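Numbering (this note's numbering), first residue to last: 1 to 480. Each residue gets a CB set at the ideal place from its N, CA and C atoms; glycine is no exception. Please read these numbers as outputs of a predicted model, since none were measured by experiment. Taking it in order: structure first as structure tokens, then the write-up.
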Amino acid sequence: MTIYQLTEPPQPLERLRGMQDTPPALHRRRQAVLHRIARVLERHGYEFIETPILESTELFLRKSGPERIAQLYAFSFRNRDIALRPEHTASILRYYVESRQNDPLPLRFAYAGPVFRYERPQAGRTRQFTEIGGELLGAPGPSGDAEVIHLAAEILEAVGIMPRIVIGHVGIVLDYLAHLPLRQRARDWLLWSMERLRKGQTIDIESELPAFVDSTDIVQITQEVRTKLALTTEDLERLILALLREVGVPMTGASRQPEEIVRGVLAKLQRSADPDALRQALAFARELASLSGPPDDVLSALRRIVERYGLSPAPLQQIDEVLDQLAAYGLETDRIVLAPGMARGLHYYTGILFEMYSQTDEGLQLCGGGRYDDLAQLLGARQPLPACGFAGGLERIADASALQPKTEPRLLVTAADRSAITAATRFAEQLRASGAIVELDVRQRSLSSNRRYARRRGVTEILIVDATGSVRRIDLSTEE
Numbered sequence: 001m002t003i004y005q006l007t008e009p010p011q012p013l014e015r016l017r018g019m020q021d022t023p024p025a026l027h028r029r030r031q032a033v034l035h036r037i038a039r040v041l042e043r044h045g046y047e048f049i050e051t052p053i054l055e056s057t058e059l060f061l062r063k064s065g066p067e068r069i070a071q072l073y074a075f076s077f078r079n080r081d082i083a084l085r086p087e088h089t090a091s092i093l094r095y096y097v098e099s100r101q102n103d104p105l106p107l108r109f110a111y112a113g114p115v116f117r118y119e120r121p122q123a124g125r126t127r128q129f130t131e132i133g134g135e136l137l138g139a140p141g142p143s144g145d146a147e148v149i150h151l152a153a154e155i156l157e158a159v160g161i162m163p164r165i166v167i168g169h170v171g172i173v174l175d176y177l178a179h180l181p182l183r184q185r186a187r188d189w190l191l192w193s194m195e196r197l198r199k200g201q202t203i204d205i206e207s208e209l210p211a212f213v214d215s216t217d218i219v220q221i222t223q224e225v226r227t228k229l230a231l232t233t234e235d236l237e238r239l240i241l242a243l244l245r246e247v248g249v250p251m252t253g254a255s256r257q258p259e260e261i262v263r264g265v266l267a268k269l270q271r272s273a274d275p276d277a278l279r280q281a282l283a284f285a286r287e288l289a290s291l292s293g294p295p296d297d298v299l300s301a302l303r304r305i306v307e308r309y310g311l312s313p314a315p316l317q318q319i320d321e322v323l324d325q326l327a328a329y330g331l332e333t334d335r336i337v338l339a340p341g342m343a344r345g346l347h348y349y350t351g352i353l354f355e356m357y358s359q360t361d362e363g364l365q366l367c368g369g370g371r372y373d374d375l376a377q378l379l380g381a382r383q384p385l386p387a388c389g390f391a392g393g394l395e396r397i398a399d400a401s402a403l404q405p406k407t408e409p410r411l412l413v414t415a416a417d418r419s420a421i422t423a424a425t426r427f428a429e430q431l432r433a434s435g436a437i438v439e440l441d442v443r444q445r446s447l448s449s450n451r452r453y454a455r456r457r458g459v460t461e462i463l464i465v466d467a468t469g470s471v472r473r474i475d476l477s478t479e480e
């Protein structure tokens, strides 16, 4: 640790770039918004939970996109890799795996707390903000998706915001990619690229190709060994498993059998690195990203795409069912935009996705979420756990909301002279016990000084107490 020498005189220390102080008036506004949102969550059966701000770095690396990984505040401390949480979902699932796997499902959790992301500060975006959201664990299918989308819309409506709702489904592109000989790294890059395409950014595929199609040494060695020894797939699996055990690589304690692990690794290594497959996949992603609009129009175009490529119609059926259930909640399709090119930058999503935007500032995203049925098992759960959730930034929501906190009278109690300090203190405590907001003059100022102070602090009444307990009232609200 660096030892800093104080200068003479000491220089002021500035807050870190991207971090913000919250002055009292703004804090009251945000707390009023948070209180209103919390009431909505609790009425739907969501229970608030707190998880640690510090977590193992690996928790956020298991299935995050490259953008989120680059945003991590991560460090090593006493041989442990630690990160400030960039979001709550992974922590909630870690808590479920650690403590709640035997509970009856579904489980509904809510949260509100600080998260940290190292990104370029700009209007509406800071490196620390308060994330508020909910997770619905153990609810498969459109019913769970519709509940979460409706809940996200309702918390915004509760604070006076009528959001524009954008819905997608990552299952369409996942189904398409499953038919192509692409390694997982290339698939992850394509999912990340879909968000860039949806935002109108250009992607030079030819400059990106070398990172994904060049064969690595391990791939070449595996292919040469198999060819020279004329090994079957089963023989190669047994050989690799025996080598791993011989050199002492631990193969116990995982959720899968050693044979399954080796089989999966070989399958990944033996996938071809065809540049045409990557070009083809990016063209498909561009086609999806170009679709955005009213649900009926987009669904018609999607059905033609699904038929043309021979893809599963299941995602379209799920979207239809979600829209029907949202209508039952009172969310009609004229408030909804379908955007099948949505991917949201996190690789743990498996189905329905959504984002909600301010109607007055179309580029201002207030919250978002989706389905992540695989995440629990990626974090060590014994059984699959269908799950979906949403999250938003409290600061953004509060800025977009017209909700104002209830203003209560502020009183200033002051002693008439030094002999009245005890009486003034007792009187102030009596007022506080009755629920009033009371400041006690601890500087023994003059009346004129207290008047100036009170006006600047928003105090509505000065109460001057003498040694006998008598009180003189000065109503500042009637003074000019």
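- Are Gln-20 and Thr-126 touching if we call contact CB-CB under 7 Å? Here residue 20 is taken as the residue at index 20 of the sequence shown, counted from 1. Here residue 126 is taken as the residue at index 126 of the sequence shown, counted from 1. Yes; because the gap between Cβ atoms is below 7 Å, this pair is in contact.
- Task: Determine which residues share a DSSP beta bridge with Ile-155 and list them.
- Result: Indexing the sequence shown from 1 puts residue 155 at position 155. Paired residue(s): none; Ile-155 is not in a bridge.
- Item | CB contact flag (Arg-164, Ala-289, <7 Å) | In the sequence shown, the residue the question calls residue 164 occupies position 164. In the sequence shown, the residue the question calls residue 289 occupies position 289. Taking 7 Å as the Cβ cut-off, Arg-164 and Ala-289 do not qualify as a contacting pair.
- Message: Distance check for Phe-109 and His-35, CA to CA, integer angstroms please.
- Response: Sequence index remark: in the sequence shown, residue 35 carries index 35 (1-based). Sequence index remark: in the sequence shown, residue 109 carries index 109 (1-based). Whole-angstrom Cα-Cα distance: 16 Å.
- Would you kindly work out how many angstroms separate the C-alpha atoms of Ala-433 and Leu-412, rounded to a whole number? Residue 433 sits at position 433 when you count from the first residue of the sequence shown. Residue 412 sits at position 412 when you count from the first residue of the sequence shown. Spanning the two alpha carbons is a distance of roughly 15 Å.
- Message: Between Asp-399 and Gly-124, how many whole angstroms is the CB-CB distance? I'm expecting something under 8 Å.
- Response: Counting from one through the sequence shown, the residue named residue 399 turns up at place 399. Counting from one through the sequence shown, the residue named residue 124 turns up at place 124. Confirmed, Cβ separation roughly 7 Å.
- Item | Short Cβ contact (7 Å threshold) for Val-148 with Leu-136 | The count along the sequence shown starts at 1 and reaches residue 148 at position 148. The count along the sequence shown starts at 1 and reaches residue 136 at position 136. Yes, they are a contact pair.
- Message: With H, G and I counted as helix, E and B as strand and the rest as coil, what does DSSP make of Glu-131?
- Response: Residue mapping note: residue 131 aligns to position 131 of the sequence shown, counting from 1. Strand at Glu-131.
- Item | Thr-488 - partner residues in DSSP beta bridges | In the structure as shown, the chain starts at 1 and stops at 480, and residue 488 therefore has no counterpart that could be examined.
- If Arg-371 and Asp-145 are in contact, beta carbons under 8 Å, what's the gap, nearest whole angstrom? Translated into positions along the sequence shown, residue 371 becomes position 371. Translated into positions along the sequence shown, residue 145 becomes position 145. So it is a contact: roughly 6 Å between Cβ atoms.
- Message: DSSP has Pro-114 in a bridge; who is on the other side?
- Response: Locating residue 114 in the sequence shown gives position 114, counting from the first residue. Pro-114 pairs with Thr-130.
- Query: In the DSSP assignment, what are the bridge partners of Val-471?
  - Reply: For this step, residue 471 is matched to residue 471 along the sequence shown. Partner(s): Val-465.
- From Ala-420 to Glu-479, what distance separates their C-alpha atoms? For the purposes of this step, residue 420 is taken as the residue at position 420 of the sequence shown. For the purposes of this step, residue 479 is taken as the residue at position 479 of the sequence shown. Each residue's alpha carbon lies about 26 Å from the other.
- Query: Ala-424 and Ala-415: beta carbons closer than 7 Å?
  - Reply: The sequence position of residue 424 within the sequence shown is 424, counting from 1. The sequence position of residue 415 within the sequence shown is 415, counting from 1. Yes. Within cutoff.
- Query: Do you know how far the Cα of Glu-408 is from the Cα of Leu-190?
  - Reply: As a position in the sequence shown, residue 190 is number 190, starting the count at 1. As a position in the sequence shown, residue 408 is number 408, starting the count at 1. Between Leu-190 and Glu-408, the C-alpha separation is close to 54 Å.
- 7 Å Cβ shell around Pro-86 - same chain, five flanking residues per side excluded: Mapped onto the sequence shown, residue 86 falls at position 86. Closer than 7 Å at the Cβ level, and outside the excluded window around Pro-86, lie Phe-60, Arg-68, Gln-71, Leu-72, Val-115, Phe-116, Arg-117.
- State the DSSP-derived secondary structure class of Gln-201, mapped to helix, strand or coil. Locating residue 201 in the sequence shown gives position 201, counting from the first residue. Three-state result, Gln-201: coil.
- Item | Selection from Ala-152, Val-97, Pro-12, Leu-84 that minimises the alpha carbon distance to Glu-42 | On the sequence shown, residue 42 is found 42 positions in, with the first residue counted as 1. It is Ala-152 whose Cα lies nearest to the Cα of Glu-42.
- Query: Per DSSP, which one or two residues make a beta bridge with Met-356?
  - Reply: In the sequence shown, the residue the question calls residue 356 occupies position 356. Looking at the DSSP assignment, Met-356 forms a beta bridge with Ile-165, Cys-367.
- Close beta carbons around Ile-82, own chain, < 8 Å, minus the five adjacent residues each side: For the purposes of this step, residue 82 is taken as residue 82 along the sequence shown, with counting starting at 1. Excluding residues within five positions, the ones whose Cβ falls inside 8 Å are Leu-54, Glu-55, Ser-56, Thr-57, Ala-74, Phe-75, Ser-76.
- Task: Please report how far the alpha carbon of Asp-235 lies from the alpha carbon of Pro-275, in whole angstroms.
- Result: Looking up residue 235 in the sequence shown gives position 235. Looking up residue 275 in the sequence shown gives position 275. So the alpha carbons of these two residues sit roughly 30 Å apart.
- Query: Between the Cα of Asp-361 and the Cα atoms of Arg-396, Gly-351, Leu-375, Tyr-349, which residue gives the shortest distance?
  - Reply: Indexing the sequence shown from 1 puts residue 361 at position 361. Measuring from the Cα of Asp-361, the nearest candidate turns out to be Arg-396.
- Is Arg-304 helix, strand or coil when you go by DSSP? In the sequence shown, the residue the question calls residue 304 occupies position 304. In the structure shown, Arg-304 sits in a helix (DSSP, three-state: H, G or I).
- Out of curiosity, what's the CA-to-CA distance linking Ala-139 and Ala-387? If you number the sequence shown from 1, residue 139 lands on position 139. If you number the sequence shown from 1, residue 387 lands on position 387. Their Cα atoms are separated by approximately 6 Å.
- Message: Assuming contact is defined by CB atoms lying nearer than 7 Å, are Pro-295 and Gly-171 in contact in what I supplied?
- Response: Counting from 1 along the sequence shown, the entry for residue 295 is found at position 295. Counting from 1 along the sequence shown, the entry for residue 171 is found at position 171. No. Outside cutoff.
- Message: My assumption, with CB atoms under 8 Å, is that Leu-93 sits in contact with Leu-375. Please give the rounded CB distance.
- Response: As a first step, residue 93 must be located in the sequence shown, where it is residue number 93. As a first step, residue 375 must be located in the sequence shown, where it is residue number 375. With a Cβ gap of about 5 Å, Leu-93 and Leu-375 count as contacting.
- Message: Considering only their Cβ atoms, is the gap separating Ala-428 from Leu-440 smaller than 7 Å?
- Response: For this step, residue 440 is matched to residue 440 along the sequence shown. For this step, residue 428 is matched to residue 428 along the sequence shown. Taking 7 Å as the Cβ cut-off, Leu-440 and Ala-428 qualify as a contacting pair.
- Query: Could you give the uninterrupted runs of the alpha helix (DSSP H) lying entirely in the region 16–56, keeping only those of 4 residues or more?
  - Reply: 24–43
- Task: Answer with buried or exposed for Glu-8, where buried requires no fewer than 16 other C-beta atoms within 10 angstroms of its C-beta.
- Result: Taking the first residue of the sequence shown as position 1, residue 8 is located at position 8. With fewer than 16 other Cβ atoms within 10 Å, it is exposed.
- Query: Among residues of its own chain, excluding the 5 on either side of Leu-366, which ones have a beta-carbon nearer than 8 Å to its beta-carbon?
  - Reply: To locate residue 366, count along the sequence shown from 1; it is residue 366. Only Leu-156, Ile-161, Pro-163, Met-356, Tyr-357, Ser-358, Gly-392, Gly-393, Arg-396, Ile-397, Ala-400 meet the Cβ criterion.
- Item | As assigned by DSSP and simplified to three states, the class of Asp-81 | Counting from one through the sequence shown, the residue named residue 81 turns up at place 81. Asp-81: strand per DSSP, three-state reduction.
- Separation of Arg-443 from Val-457, as counted between CA atoms: Taking the sequence shown and counting its residues from 1, the one referred to as residue 457 is at position 457. Taking the sequence shown and counting its residues from 1, the one referred to as residue 443 is at position 443. A small fix is needed here, since residue 457 is Arg in this sequence, not Val. Their backbone Cα atoms lie some 15 Å apart in a straight line.
- Query: How is Glu-439 classed by DSSP in three states: helix, strand or coil?
  - Reply: Within the sequence shown, the letter at position 439 stands for residue 439. If DSSP states are grouped into helix, strand and coil, Glu-439 belongs with the strands.
- Task: Could you check the C-alpha separation between Ile-167 and Gln-317 for me, to the nearest Å?
- Result: Working through the sequence shown from its first residue, we reach residue 167 at position 167. Working through the sequence shown from its first residue, we reach residue 317 at position 317. Rounded to the nearest angstrom, the two C-alpha atoms are 14 Å apart.
- Nearest-angstrom beta carbon gap, Leu-291 and Gly-341 [assumed within contact, 8 Å]: Walking along the sequence shown from the start, residue 341 turns up at place 341. Walking along the sequence shown from the start, residue 291 turns up at place 291. That pair is a contact at about 7 Å.
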